[in-house]
Amino acid sequence: MERNVGGYDRIARLGIGAVLIFVGIAGYVGFIRVAYGPFPQALTSVALAVIGLVLLATGVTQMCFLNSLIGRNTLRKS
Numbered sequence: 010m011e012r013n014v015g016g017y018d019r020i021a022r023l024g025i026g027a028v029l030i031f032v033g034i035a036g037y038v039g040f041i042r043v044a045y046g047p048f049p050q051a052l053t054s055v056a057l058a059v060i061g062l063v064l065l066a067t068g069v070t071q072m073c074f075l076n077s078l079i080g081r082n083t084l085r086k087s
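Just so it is clear: in the sequence shown, position 17 is 26 by the working numbering, and no numbers are missing.
Here it is, written out as structure tokens:
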């Protein structure tokens, strides 16, 4: 698979991914409340951490399956 994540897209993925991982872990151990209503705290925290991991991984590797699926490429080739 070709690299297709770059620029502001990559920066946003790295930043938001790191924040979601932190929030997921903090919610799981009980420092903050991330679940309201019918959703369990642990499930919501794990889901946030997994989404953060995916965003972080796509930002680091600069490859995103969904971007290639829809034909989106934010990486500038020099």
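Virtual Cβ for every residue (Gly too), placed ideally from N, Cα, C.
At a Cβ-Cβ threshold of 8 Å, residue 43 and residue 55 do not count as neighbours.
Take the alpha-carbon of residue 45 and the one of residue 86: they are about 44 Å apart.
For residue 51, the uninterrupted alpha helix (DSSP H) segment begins and ends at 50-70. Within the model, the alpha-carbon separation for residue 34 versus residue 60 is close to 12 Å. Its chain contains 22, 23, 26, 27 and 30 as the residues whose beta carbon lies nearer than 8 Å to that of residue 65, once the 5 sequence neighbours on both sides are disregarded; these appear in chain order.
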